[in-house]
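These notes are about the structure you will find just below.
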Amino acid sequence: TEEPKNEEVKAEEAKTDVCGAGIDGPWDANKLNCSFGYTATWVVKVDGDSITVIEQPGSRCCGCVPNCFRKTHKMQASGPNEWKGQQASRPSSLSRSQTRNYSI
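Going by my numbering, the first residue of the sequence shown is number 6, and it counts up by one from there.
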């Protein structure tokens, strides 16, 4: 039989899941349900159980309109591969899903 883990071990495992998520670095973002679209590069910085997501210069809305008001989101881990935060009273979240390869 397996002994139950104490809360300290569980917390350390959750921290490892967050730190080892491999999401830090630049990410391309596209929003297709907007009339003319949105494109940008965001940089994710991991710091323990928190992350900061920063919109980079060069983001565009409507195909060619530069985004003059870049955003920064700070979030805390809310579970393995999940982070939540708020910016100006608006909730923000980021989750990492497992990629599955399918073949026919």
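Each residue gets a CB set at the ideal place from its N, CA and C atoms; glycine is no exception.
Taking the alpha-carbon of residue i as reference, which of the options has the nearest alpha-carbon?
i	options	result
V49	N86, R75, M80, P31	P31
W47	R95, P96, K76	K76
P85	Y43, Q61, S102, S64	S102
C69	P62, Y43, Q92, D33	Y43
Can the beta-carbon of residue i be found less than 7 Å from the beta-carbon of residue j?
i	j	result
S113	G90	Residue coverage of the chain in this structure runs from 6 to 109, which leaves residue 113 outside it and unanswerable.
C67	F41	yes
V51	D29	yes
Which residues in the same chain have their Cβ closer than 8 Å to the Cβ of residue i, if we skip the five residues on either side of it in sequence?
i	result
S55	K79, M80, Q81, A82, W88
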